[in-house]
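Chemist: Per full-length UniProt numbering, residue 1 is the first one in the sequence shown, and the count goes up by one each step. Ideal Cβ positions, reconstructed from N, Cα and C, are used throughout, including at glycine. Small disclaimer: the values here were computed from a predicted structure and weren't measured. Take a look at the following structure, please.
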Amino acid sequence: MDRSRPLARRPLVALLTATALAATGMTAFASAARAADADLARNGGFEAGLDGWSCTAGTTVNSPVRSGSSALKATPAGADNARCSQTVTVKPDSQYTLSGHVRGSYVYLGASGTGTTDVSTWTQSAPDWQQLTTTFRTGPSTTRVTIHTHGWYGTGAYHADDITLVGPGGETGRPPAPPTGLKAGTVTSTSVALSWSPVADATGYAVYRDGTRIRAVSGTSATVTGLSPSTAYAFQVAAVNGAGESARSATVTATTTAPDSGGGDSGLPPHALVGYLHASFANGSGYTRLADVPDSWDVIDLAFGEPTSATSGDIRFDRCPASECPGVESDAEFKAAIKAKQAAGKKVLISIGGANGQVQLTTTAARDTFVSSVSKIIDEYGLDGLDIDFEGHSLSLNADDTDFKNPKTPVIVNLISALKTLKAKYGDDFVLTMAPETFFVQLGYQYYGTGKWGGQDPRAGAYLPVIHAMRDDLSLLHVQDYNSGPIMGLDNQYHSMGGADFHIAMTDMLLTGFPVAGDADNVFPPLRADQVAIGMPATTNAGNGYVSPAEVTKALDCLTKRTNCGSYATHGTWPALRGLMTWSINWDRFGGWEFQRTFDGYFG
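Right, dumping it as structure tokens:
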């Protein structure tokens, strides 16, 4: 593992001067490569994507390239200098030459962990491909060195290609043989137990599902969870040691069983339409009485319950006054409408948060107040459950909070505790849903909290520990695929709002799982398909990212049938995908019920 830290953010001129002197001082070690030397850099031309590289903000592009068909493009942002690195096995007390071609302003190429003097070379400006070269000698006990590229803060994207590290190879040994005897054991609706025979010289094993590496284990068994009911999966295992990873084992297939109850957890139909009802405020969409919501809507989220202050935990639900919402029903009529919807098999939830409702449970006292005040709302109106729509600065991660499976930050830990308490209080029929923004979920594929070196937005990926902790109790996750910036998908390409591909890529990440902050040994497991709905704005007025009914249909076809797909290749097919969520019922009524008609036309 690369434990080196990047250079501090000193004045640029001073840093460049120091770097140049270091590079110059190393030229005394330069020598021609011997016949036995080899290029030790893996995938230095980026022809295999980012295979072998760990990048904070990098992707591969087809243009510009120096040779082959691909090159690296990395974009510094904020306090991130867009570092890409890989660790290479080397020989102690040996000479190495590091070289690469770069384009852009203030682009660096270097090596750390050399055991002697770490080196770096750079260019101030390279409008076309420019070769950078530096040399170093390893220390008497050095067996691994990290090579890296990076840019500079706020200077735009840089490109790199054809990176080589020439010198004698280290004593890596050989990767182990592929495992044998892979078999599936206990299969449930959401999990498959796997086991295989041990392999000599293996220090661990990598588990693959449908061709994607999903986790690393030290023993010869693993239970893969978070699967969709009634779905076929293909599994393989590879053995791992210090020399690398073996070829994969023979494939074993297993089909998960049907869910315990027809229609899935919490009494939802197999495919559900979810919408938010403006119950506490008015805007340009107009007020809609609960009784007037059409029967197509299976889950109705009452928007919003809001705190008396950001850190109080005291949630209040104040219905829209008649002066603001002409035609608003009385409390008695509102409660009667809730009962009527429930009698028709619908679920009515209180949604907490929204854009104006910042909720930060910084103390256990705030946590307990949250539980009691939310319970009071649920009990007063006889609701079916709770939707968590925390936005803005409600959730963020402390600098030392780096493991989504074991969170430390009080606002995260207290929210998880509160939700578990509410679920235990109301039992199995309690409906729990969440509506985070992409910044808090899928962005976690690239960034998590402040990052290894600090300086990143602490909110990045901050919903992941909450989702993971509640996954066994979570009825629905419907990420807001709107009002979002470009997000990198599992294809390591950025995807932007406005078409089916964005929804396909974002949903595929939830159903496939993904390494958090690029760490292949720290994978966010997939959710079941029946736990996921796609969040979309109902009209162009409702939010950025509106897509036409035709694009909605394309997204559903690709995810549930693997047909009608665009440029993004999914990692599976999920006919049990729960459905669609929209902001909002009011805006859909304003738009002539277009979103509702699209859902009804597709799912019947």
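1. Express the C-alpha separation of residue 207 and residue 378 in angstroms, rounding to a whole number.
2. Who are the near neighbours of residue 339 in its chain, counting only those whose CB is closer than 8 Å to its CB and skipping five residues on each side?
3. Mind the definition here: the segment 282-302 touches the segment 583-598 only if three or more C-beta pairs lie below 8 Å; say whether that holds.
4. In this structure, does DSSP put residue 596 in helix, strand or coil?
5. Should residue 414 be labelled buried (16 or more other beta-carbon atoms within 10 Å of its own) or exposed?
6. For the pair the segment 357-376 and the segment 406-420, tell me if three or more CB-CB distances fall below 8 Å.
7. Helix, strand or coil: how does DSSP classify residue 527 here?
8. Relative to the C-alpha of residue 237, which candidate in 212, 94, 230 has its C-alpha closest?
9. Distance, Cα to Cα, residue 590 vs residue 572?
10. When you compare only the Cα positions, how much space is there between residue 62 and residue 43?
11. Considering Cα atoms alone, identify which of 233, 510, 163 is closest to residue 436.
12. Is it a yes or a no for the segment 427-446 touching the segment 384-391, going by three-plus beta-carbon pairs under 8 Å?
13. Report buried or exposed for residue 124, applying the criterion of at least 16 other Cβ atoms within 10 angstroms of its Cβ.
14. Report the three-state DSSP secondary structure of residue 373 (helix, strand or coil).
15. Counting C-beta neighbours from all protein chains within 10 Å, is the total for residue 380 16 or more, i.e. buried, or is it exposed?
16. Quick one: Cα of residue 423 to Cα of residue 268, how far?
17. How is residue 64 classed by DSSP in three states: helix, strand or coil?
18. For residue 542, which residues of its own chain have a beta-carbon under 6 Å away from its beta-carbon, when the five flanking residues on both sides are left out?
19. Between the C-alpha atoms of residue 70 and residue 50, what's the straight-line distance to the nearest angstrom?
20. Starting from residue 187 and walking both ways along the beta strand (DSSP E), at which residues does that stretch end?
21. Answer with buried or exposed for residue 251, where buried requires no fewer than 16 other C-beta atoms within 10 angstroms of its C-beta.
22. For the UniProt domain "Fibronectin type-III" (178-260), which segments carrying the alpha helix (DSSP H) assignment without a break, of at least 4 residues, lie completely within its bounds, in sequence order?
23. Give the DSSP bridge partners of residue 515, in chain order.
24. Pairing CB atoms from the segment 302-310 with CB atoms from the segment 323-332, are three or more of them under 8 Å?
25. Just how far apart, CA to CA, sit residue 21 and residue 245?
26. When you compare the segment 82-101 with the segment 138-146, are there three or more beta-carbon pairs, one atom per stretch, that lie closer than 8 Å?
27. Would you identify the three-state DSSP class for residue 562, choosing helix, strand or coil?
28. For residue 488, name the three-state secondary structure that DSSP assigns.
29. Would residue 255 and residue 166 qualify as a contact pair, given that the criterion is a beta-carbon distance under 8 Å?
30. Fully enclosed by the segment 304-369, which beta strand (DSSP E) runs are 3 residues long or longer?
31. Note down, in chain order, each residue of its chain lying with its Cβ closer than 7 Å to the Cβ of residue 505, except the 5 sequence neighbours on either side.
32. Would you check if the distance between the CB atom of residue 58 and the CB atom of residue 73 is smaller than 8 Å?
33. Taking 8 Å as the cut-off, does the segment 112-119 touch the segment 131-141 (at least 3 CB pairs, one atom from each stretch)?
34. Tell me whether the beta-carbon of residue 249 lies closer than 8 Å to the beta-carbon of residue 196.
35. Cβ atoms of residue 297 and residue 346: under 8 Å apart, would you say?
36. In terms of residues, what are the limits of the beta strand (DSSP E) holding residue 271?
Modeler: Taking the structure as given:
1. Across the structure, residue 378 and residue 207 are spaced so that their CA atoms are roughly 43 Å apart.
2. Cβ within range, chain order: 382.
3. Cβ pair count under 8 Å is three or more, so yes.
4. In the three-state scheme derived from DSSP, where H, G and I count as helix and E and B as strand, residue 596 is classed as helix.
5. Counting Cβ neighbours within 10 Å, residue 414 comes out buried, since at least 16 surround it.
6. By the Cβ test, the segment 357-376 is in contact with the segment 406-420, since at least three Cβ pairs between them sit closer than 8 Å.
7. Correct three-state label for residue 527: coil.
8. The candidate whose alpha carbon is nearest that of residue 237 is 212.
9. Rounded to the nearest angstrom, the gap between the Cα atoms of residue 590 and residue 572 is 36 Å.
10. A straight line joining the alpha-carbon of residue 62 with that of residue 43 spans about 15 Å.
11. The candidate whose alpha carbon is nearest that of residue 436 is 510.
12. Using a C-beta cut-off of 8 Å, the segment 427-446 makes contact with the segment 384-391, since at least three inter-stretch Cβ pairs fall below that distance.
13. Sixteen is the threshold: since fewer than 16 other Cβ atoms of the shown chains lie within 10 Å of the Cβ of residue 124, the residue is exposed.
14. Looking at residue 373 - three-state DSSP - the assignment turns out to be helix.
15. With a 10 Å radius around the Cβ and a threshold of 16 neighbouring Cβ atoms, residue 380 comes out exposed.
16. Straight-line Cα distance between these residues: approximately 17 Å.
17. Reduced to three states, the DSSP call for residue 64 is coil.
18. Hits under 6 Å: 583, 587.
19. So the two alpha carbons sit approximately 10 Å from each other.
20. Unbroken beta strand (DSSP E) run through residue 187: 183-187.
21. When all chains shown are included, residue 251 counts as exposed.
22. If only uninterrupted alpha helix (DSSP H) runs of at least 4 residues are considered, none is enclosed by the UniProt domain "Fibronectin type-III" (178-260).
23. Here residue 515 is bridged, per DSSP, to 523.
24. Contact fails between the segment 302-310 and the segment 323-332, because fewer than three Cβ pairs, one in each stretch, are under 8 Å apart.
25. Reliability of the predicted coordinates at residue 21 is poor, the pLDDT of 34 falling under 50, and no value is obtained from them.
26. Yes, the segment 82-101 touches the segment 138-146.
27. In this structure, residue 562 counts as coil in the three-state DSSP scheme.
28. Reduced to three states, the DSSP call for residue 488 is strand.
29. Contact check for residue 255 against residue 166 fails: the beta carbons are separated by 8 Å or more.
30. Positions of the beta strand (DSSP E) runs, each at least 3 residues long and wholly inside the segment 304-369, are given as 347-353 in order along the chain.
31. Cβ neighbours of residue 505 beyond the five flanking positions: 489, 495, 568.
32. Contact: yes.
33. Contact between the segment 131-141 and the segment 112-119 is present: three or more C-beta pairs spanning the two stretches fall below 8 Å.
34. Yes.
35. Contact: yes.
36. Run containing residue 271: none; DSSP gives neither H nor E here.
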